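Protein chains in written order, with the working numbering: chain Z, 300 to 990; chain Y, 77 to 392; chain G, 49 to 346.
Glycine included, C-beta positions come from ideal geometry on N, C-alpha and C.
Values in this document were obtained by computation on a predicted structure and should not be read as measured data.
Heads up, the thing below is written out as structure tokens.
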Amino acid sequence: MIQPLVRIEDLTIGYHDRHGGLAGILRQVSLDMRPGEALGLVGESGCGKTTLGLAMLGFLRPGALLRAGTVSFGKVNVFSLTSKELENLRGKRIALIPQNTGESLTPNMRVGAQIEEVLTLHRNLGKKEARSRAVLLLGQVRLRQPEEIFGRYPHELSGGQVQRVAIARALASEPELLILDEPTTGLDVTTQAHILVLLREIQTQTGTAMLYISHDLGAVARVSDRVAVMYAGHVVEDGLAIRVFGRPTHPYTRGLLASIPRLSESTLPQAMPGQPPAPGEHLEGCAFLPRCPFGDGACAEIAPQMTPIKENGDAPHKVRCHHWQRVLETDASLGKQQFRTRPRRADLKEPFIQLDGVDITYRKRGLGTLLRRLSGAYNAPPNTVSGINLTIHRGETLALVGESGSGKSTIARSITGLLAPCAGQIRMEDQDLSRVVEKRPSDLQHHIQMVFQNPDASLNPRHTVHQILDMPLRLYFRSSREQRLQRSGSALEKVQLSSLYAHRFPGQMSGGEKQRVAIARAFVAEPEIVLCDEVTSALDVSVQAAVLNLLADLQADQGVAYLFISHDLAVVRSIADRVAVLYQGRLCEVGPVDQIYEPPYHPYTETLLAAVPEPVPGMQPRLLARDVKESEPPPKGCSFQRRCPRRQGPICDEETPPWQAVGEEHFIGCHIPAEKLCVDQMSLIPTASPG
Amino acid sequence: MLKYIARRFLFSVVTLLILSLVVFIGVELLPGDLATAFLGREATPTSLASLRAELGLDRPVLERYVNWLGDALHGDLGVSLARNRPVNELIGVRMRNTLLLGLTAGFIGLPLALALGVIAGLTRDRKPDIWISTIALVLMTLPEFVTATFLILLFAITWPILPAVTIVSTGAPIKEMLPNIVLPVVTLTFVMVAHNLRMVRTNVIDVMTSDYVQMAILEGVPYRRVVLRHALPNALLPTINLLAMYIAWLVGGLVIIEQVFNYPGIGTLMIQAVHDRDIPVVQSVILLVASAYVLLNLGADLLTMVLNPRLRSMRG
Amino acid sequence: MTANAKTLERPAVVEYNPFKETWQRFRRSPSGMIGLTILVIHLTIAVTSPLLVPYSPTKIDSKSLTQSPSSEHLFGTDSFGRDVLTRVLLGGRIALLITLTAGALALTWGGLSGIVLGFVGGVIDEAMMRVVDAMLALPSLFLYLLVISALGTSNTVLILMLAFRSGISIVRIARSATLDFVARDFITAARARGERTWNVVLRELLPNVLDILMVQWAMRWSWMLLSFSGLSFLGFGITPPTPDWGLMIAENRARLAFAPWASVFPMLALSTLVIGINLAADALAKAVGLDRSREAPV
């Protein structure tokens, strides 16, 4: 047996809570890592995965306390090192790529100098050698023009570039272990795909061990050989990625996998009941018991221990569950039958909201712009959103898909009336909506409601749930206090929150609960359409699944239409009836949901689909589009011209692509004939899924 | 970048213009006029009329404002009502005295404030910080005249080693001034250090808890280097602007300190003018002080821009 | 039957009140409690002193000029033979009355204008902020001196000009605090609903900037006290012989060598009051989270 590179034994970390007690973040965590191994550490927010990663560097965040256990790197316990010795370990033998890479680079130092610093400190290189090596490293992480990037400051780089710089900085010292904390969170899906491929390459080339911390099982599946699943400060399952993803044995792992929407299935993901315990909550017995379908009396009393269920050389499959045998016996495919297809209404043909050639742009406000406009020295940038023709039918879900900056939210904002279109018309049946909300007839307002991405931001932190629900009631309906109280109570019931929540402030609720309140606020207005702007992307997957189910139930019950905005094509597949794909504020493709996911598709749709990481080990993305950040749409021609992998030539730059009908109600805006697209794209689809 | 500099210049000019408007028109809007304010109870209809004619108060406000501003731009600040001498003459030497006081305090106070602020920030919530912060809070809270009076009680009365009030004439050479400025400078330094070190401390704490400093530590960068290379440049950059603001704010304190020590500077001139209700002098001094503030701020902005890569690379 | 059909339930929490929460955090700061105690003592004295004082504050007693502290005159007497203790006990009343009134005015006009400017934005906001910035370029004392030289001094003038100048600072603070919230989605949500501007300002924004305004009020209060006592010291505040600390220090300073008690006691009274306010204000700021102190490392 090979000597492990890292051996964590019985690690327990806590902090003093507000009442002076000790709360646990990590509980008796034991974990080994072999040299050169790629280990994925997954779990939902607050499960302690970042704390575990930082502990490997001998680092505790302020306020955290080491209660018990050791972290050995090679032969030394990192918590017994002096600060001098730690300086020789950190960055040199173990390097970190932290969360929020953008903020982890010192703002007033050139990025090259920050890589040089590591090289001179840990590799003892001279100034000149360090410089050339740093440029080399920047090239190695696939940054074009590394010389130029070397001299830039962090704020001058895009998100993907910053991520690459951080990787180069971490690699500079040729560490034995690389810890990556959510390295692709917050990046667009195509950029993420590029980074994941790069990481995998680096790992095979350098033989560095990697600890890949993420909440995203799909991303972890792409880069790790082995996976450890964390829940409430425990590692609950640990084994080869193929086994953990293929035969999940802990009920939590199983639930987690079931709650991820898949590109290949149009069913709703299955939600786990309940929610994870808050970090630091006092636990007895098995932490997962309240949410576990297999739990019994024994689980409440005796905390399960890690049990090896299959010896697999150096990577035995271990599970922390009393009933793992029973879990295994229940065939995983049985769980699949519980997936529900979204209840759909038959009559979705009645147009409700129509956008006709809509152009929208953000006007700069302020004295300077006003003066410039008056003097005629102001030239406007291309419209943020242009030429949008869309229809939303009564009771249907239209999904609007695209990466950040594609103008999805802008369209929703103009439908709610936060922003008037500068050309074209928005109509609701026969009423004109092309005006800002203040100028619309007041009896129209309540028909259109909006739910936002982040409930932390969209709920007033100083209002109780009752007050939050009361605001639209007061505004729209002339009803008595009692009536309003009764209505907000029933709204809570509809989103499956008990009436006890009425007196809570948002700060006293979990993310999922807050999003339910935000949904209740939209529904209390009795809307005809609800605009959902990335409503699940700030939530953990298991909570996301619950919210998606809730939205589907509410729609079946109330017959509302949804404009569902998302960057996640897998989520969209589970909830939408029709999909519109948007790039740089221009539509690329519109069609029924089932047709969107099969060729022919627009090259941009294809790019997005290919980049989505599915939680299947061994699946690799097919890189298609160049990874460039575009700040502004091109002045003419196809919006995707600069990145398109199927570019035809100058025609793409010059002429607006024609709308080709490729199926019933399915249109693609591309110069390539649909038949040719279909043939070329079919050949790229992997025939059998591996694993 | 040029655009940014131009913008900043424009802002400074606008600020000064607004201020001159406030200082001039504001006084016009208040009930009464220069003549009634100055003559007060002794006013007779004839004396009022003659003073009004002399001051040109019979002409429209806007015309007088433009004349006044034009003269001020040419360096002519008008004539003092009470002393019947050009304001320029009154201000000249006193300006030198005030600058002597302010600059000396600045040269001692700023480095001290930076050093103490950095120490307090780095030792957050430990002994040195608690001491420094507490003393700073007390010194910053006390009115200048209270601090000054305590100092006089200690160093001029209990141990009579320094003069309690300035005993030389307004135009005395700097050498003779020196012993007289010790206590005023100490008082001013106290107040200035107290304010500025608190601000430096906050900035240092912010930066030391930032992601990038934590990251530098996790990169194995030695502590000294983390502080000197990663933390301090970022912590001190935003203080430049605030320092400029506080310095200007302290000019107010300077007035009181000069009065306490009977020091012949702009401050005492101002107080005397207010007592005499000599509005032209008051207006001139205010305009002067405000210009100094605006220039200082502009300087601070430009300096920050030179030092801050984020602003330097800003296009627009 | 799907799992999520179950209603989420958690043990009910104890009644939660943001103000109570703030108070509990405030209570944990020893310096804050010291400050608050000092403040309460001062306020109590200010309210009750007319009933407590042993002598007349203004009556000139030629038989007991400049006496050092004794059992008869605990703090001694001044050069007019007036009892220093009496004058010290009464000397904070006017200062407190004027600054508290001015503070309330400043908070109301400054706070509301700041929130409205931040919410409305655009050209009006930018133009107003230029004016505010220009006003802030003038050290406050100079503005006061300008007003006094034009209008002379009276309580009304003092209150209005203190309220005006402090309000200007509060406009700035309230505006920038509002800007933090205006970009948040709960304001966007309110606008998308079609709420009226005043509803958004009063019901959505005000509760959120209230913390910051409270801290500002406490800080401005101590600034105003400083300004007021400074003016009083310079002879532009209260007219003699009314007892006032700043004035007393100015009157008796020349005789510091012979009768230190006549200036030291008012100095102590003034100092303890401002220090008390500042300690309490600092603790309040921390209690509402304006100073990012330690948080649970999760």
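Burial state of T201 of chain G (16 or more Cβ within 10 Å) | buried
Select from G:A329, G:A182, G:G283 and G:S270 the residue whose C-alpha is nearest the C-alpha of L371 of chain Y.
-> G:A182
Can you list the residues of chain Z that S286 of chain Y reaches, using a CB-CB cut of under 8 Å?
-> E402
Closer than 8 Å at the beta carbon, the chain Y residues around L356 of chain Z | L294
Taking just the CA atoms, how far does R172 of chain Y sit from M253 of chain Y?
-> 11 Å
Please check if any C-beta of chain Z sits within less than 7 Å of the C-beta of L78 of chain G.
-> As written in the sequence, residue 78 of chain G is Pro, which differs from the Leu given in the question. Not an interface residue.
Members of the stretch 219-238 of chain G that neighbour chain Z once the beta carbon cut-off is set at 8 Å = R232, D233, F234, T236, A237 and A238
Outcome for L304 of chain Z when other beta-carbon atoms lying within 10 angstroms are tallied against a minimum of 16 = buried
Among G:N326, G:L321, G:L316 and G:T204, the one whose alpha carbon lies nearest that of F226 of chain Y = G:L316
Return the residues of the stretch 115-127 of chain G that lie within a Cβ-Cβ distance of less than 7 Å from chain Y, sorted by chain order.
-> none
Are the stretch 932-949 of chain Z and the stretch 873-880 of chain Z touching by the rule of at least three beta carbon pairs closer than 8 Å?
-> no
Interface residues of chain G facing E833 of chain Z [CB-CB closer than 7 Å] | Those do not exist, as E833 of chain Z stays about 11 Å from chain G at its closest Cβ, beyond 7 Å.
Any beta-carbon of chain Z closer than 7 Å to the one on E299 of chain G?
-> no
Using a Cβ-Cβ cut-off of 7 Å, state whether T405 of chain Z counts as contacting chain Y.
-> yes
Are the CB atoms of V461 of chain Z and T400 of chain Z nearer to each other than 7 Å?
-> yes
Would you say S277 of chain G and G294 of chain G are within 7 Å of each other, going by their C-beta atoms?
-> yes
Note down, in chain order, each residue of its chain lying with its Cβ closer than 8 Å to the Cβ of N247 of chain G, except the 5 sequence neighbours on either side.
-> A238
Kindly identify the DSSP beta-bridge partner or partners of W958 of chain Z.
-> Z:G968
Might you give, ordered along the chain, the residues of its own chain that have their beta carbon closer than 7 Å to the beta carbon of E252 of chain G, omitting 5 neighbours on each side?
-> F234, I235 and A238
So, V132 of chain G versus F313 of chain G, is the Cβ gap smaller than 7 Å?
-> yes
For a contact meaning CB atoms closer than 9 Å, what does A531 of chain Z contact in chain G?
-> None at all; the shortest Cβ gap to chain G is about 12 Å.
Report the neighbours of N326 of chain G on chain Y: residues whose CB is nearer than 7 Å to its CB, in chain order.
-> L213 and T217
Answer with yes or no whether the minimum CB distance from N399 of chain Z to chain G is below 7 Å.
-> no
For N203 of chain G, does the three-state DSSP call read helix, strand or coil?
-> helix
Report the neighbours of L210 of chain G on chain Y: residues whose CB is nearer than 8 Å to its CB, in chain order.
-> Those do not exist, as L210 of chain G stays about 14 Å from chain Y at its closest Cβ, beyond 8 Å.
L633 of chain Z, DSSP secondary structure in three states = Low per-residue confidence applies at L633 of chain Z: pLDDT is 46, beneath 50, and the placement is therefore not dependable, though the value from the model is reported in the following sentence. Helix, per DSSP.
Using only alpha-carbon positions, find the residue among Y:A270, Y:V283 and Y:N164 that is nearest to I208 of chain Y.
-> Y:A270
Under 7 Å Cβ to Cβ from V180 of chain G, same chain only, skipping five residues before and after it: list those, please.
-> I216, V219 and R220
Name, please, each residue of chain Z whose Cβ falls closer than 8 Å to the Cβ of H306 of chain Y.
-> T405 and M408
K928 of chain Z touches chain Y at which residues, Cβ-Cβ below 7 Å?
-> Simply none; closest approach about 17 Å.
Mind the definition here: the stretch 761-771 of chain Z touches the stretch 684-692 of chain Z only if three or more C-beta pairs lie below 8 Å; say whether that holds.
-> no
Could one say the Cβ of T715 of chain Z lies closer than 7 Å to chain G's Cβ atoms, at least one of them?
-> yes
Would you call the CB atoms of T134 of chain G and P98 of chain G closer than 7 Å?
-> no
Got a sec, what are the start and stop residues for the beta strand (DSSP E) H533 of chain Z sits in?
-> H533 to L539
Kindly list the residues whose CB is nearer than 7 Å to the CB of E308 of chain Z, restricted to its own chain and excluding five residues on each side of it in sequence; keep chain order.
-> S329, G368 and T369
Integer Cβ distance of L365 of chain Z from G347 of chain Z, believed to fall under 8 Å | In fact, because the Cβ distance is near 13 Å, the residues do not count as touching under 8 Å.
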